[in-house]
Amino acid sequence: MKKIVKLAYSSSISATLTVIVIVVVTIWGELSPVFKSFLKSFTGHHWLTKSVLSLLVYFAGLAVFYLLPKNIGPHAVRRGLIFLILVALAGSLAIFLFFVWHYL
Amino acid sequence: MEIFSFLTYKPVLIGLHLAFAIVGIDAFLWYLGEMASGGRKRARLKWASIIGIISFALSWMAGGYYYVVTYGKLVKPIILKGTAPWAHAVAMEAKEHIFLFIIPLAITALILAFINEEEFNKNNLRRAAMILAGLIAALGLAIGAMGFIISAAARWG
Chain U
5 MKKIVKLAYS SSISATLTVI VIVVVTIWGE LSPVFKSFLK SFTGHHWLTK SVLSLLVYFA
65 GLAVFYLLPK NIGPHAVRRG LIFLILVALA GSLAIFLFFV WHYL
Chain B
55 MEIFSFLTYK PVLIGLHLAF AIVGIDAFLW YLGEMASGGR KRARLKWASI IGIISFALSW
115 MAGGYYYVVT YGKLVKPIIL KGTAPWAHAV AMEAKEHIFL FIIPLAITAL ILAFINEEEF
175 NKNNLRRAAM ILAGLIAALG LAIGAMGFII SAAARWG
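Protein sequences, first through last, are from chains U and B.
For the first sequence, my numbering gives the first residue as 5, with consecutive numbering after it.
For the second sequence, my numbering gives the first residue as 55, with consecutive numbering after it.
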């Protein structure tokens, strides 16, 4: 298995994890003013903290999943990409619908 | 005029945010077009995704600076007092958070461009890579549409 294929697999899993973390942190922050203040305390703005967090989670996840001694099967990268696409779509919809619900 | 004060002048910031986002969207439409053409010129895919990532990152910085420094103090109160407060409560809130998905998705597309033809075909990645590039462009366009709604709500109440 080529290293670049494992890197692509690691990136798809790490990007999926990043989307999930951002969705959870965003919704949790809106439902809990205490948690939103906690996020704000790091950078002065909750969104800046989430921005930094998204990069940290993605790059840390990329390194961890790449370095894990796991053999990648012939369909794993494709499945990882499809999972990422579905999670990114679901995450976008979840955030949009949450804010619609929150507004109403 | 000092370069920093020019770049942080509000209309310039918004212009840069929008312009870089458009270049990022176009870059991933180019990536999609390269894949859809049936061939797979890796050099072009690498350039398309590198241009896309850099553009989205610059759009993120310009838009983020404007959002943190100016929007909350000057624009948000106008929208919330206007006839379409949902433009902030829904469109802006969704836009600023969905945008955070873009860079990890785009870097994944870049890594796919480095896989050679043999491995790419063996792993049957063409369709997934095309959908990924299309999703990046589609999210960029949806975020752009939300940006238009926010600007319109601020301008016309």
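Built from N, CA and C at the ideal position, the CB exists for glycine as well.
Query                                                                                                                                                                              : Result
Thinking C-beta only, is B:A138 closer than 9 Å to B:A207?                                                                                                                         : yes
Starting from B:N175 and walking both ways along the alpha helix (DSSP H), at which residues does that stretch end?                                                                : E171 to K176
Here's the rule: buried if 16 or more other CB atoms are within 10 angstroms of the residue's CB, otherwise exposed. What is U:H106?                                               : exposed
Using beta carbons (cut-off 9 Å, strictly below), is B:P131 in contact with chain U?                                                                                               : no
What is the rounded straight-line gap between the Cα of B:V129 and the Cα of B:Y119?                                                                                               : 14 Å
Answer yes or no: do B:A96 and B:N170 have a C-beta to C-beta separation smaller than 9 Å?                                                                                         : For the sequence presented, residue 96 of chain B should be read as Arg rather than Ala. Yes.
Quick check: is the beta carbon of U:W51 nearer than 9 Å to any beta carbon in chain B?                                                                                            : yes
Less than 9 Å between the C-beta atoms of B:L112 and U:S58, yes or no?                                                                                                             : no
Using the beta-carbon of each residue, which ones in chain U are nearer than 8 Å to B:G118?                                                                                        : W51, L52 and S55
Taking buried to mean at least 16 other C-beta atoms within 10 Å of its own C-beta, is U:S45 buried or exposed?                                                                    : exposed
Kindly list the residues whose CB is nearer than 8 Å to the CB of B:Y94, restricted to its own chain and excluding five residues on each side of it in sequence; keep chain order. : Note on identity: in this sequence residue 94 of chain B is Arg, with Tyr being the wrong assignment. If we look at B:R94 and ignore the five residues flanking it on each side, its Cβ neighbours are E88, E171, F174 and R180.
If you reduce the DSSP assignment to three classes, tell me which class B:Y63 lands in.                                                                                            : coil
Using alpha carbons as the reference points, say which of U:L21, U:Y13, U:K10 and U:S14 lies closest to U:A94.                                                                     : U:L21
Quick one: complete alpha helix (DSSP H) runs, 4+ long, within the region 19 to 104 of chain U?                                                                                    : 37 to 47 and 50 to 71
Are any of the Cβ atoms in chain U nearer than 9 Å to that of B:I157?                                                                                                              : yes
How is B:R98 classed by DSSP in three states: helix, strand or coil?                                                                                                               : helix
Assign U:R83 to one of two classes, buried (16 or more other C-beta atoms within 10 Å of its C-beta) or exposed (fewer than that).                                                 : exposed
Can you have a look at B:A160 and say buried or exposed, based on whether 16 or more other CB atoms are within 10 angstroms of its CB?                                             : buried
For the alpha helix (DSSP H) that contains B:P131, what are its first and last residues?                                                                                           : K130 to K135
Closest to B:F74 by C-alpha separation, out of B:K135, B:S109 and B:W84, would be which residue?                                                                                   : B:S109
In terms of alpha-carbon separation, which member of B:A191, B:V144 and B:R209 lies closest to U:I31?                                                                              : B:V144
Classify B:P158 as helix, strand or coil using the three-state DSSP reduction.                                                                                                     : helix
With 8 Å as the limit, tell me which residues of the region 148 to 179 of chain B have their beta carbon closer than that to any beta carbon of chain U; keep them in chain order. : A148, E150, H151, I152, L154, F155, I157, P158, L159, I161, T162, I165, L166, F168, I169, N170, E173, K176, N177, N178 and L179
In this structure, does DSSP put B:A138 in helix, strand or coil?                                                                                                                  : coil
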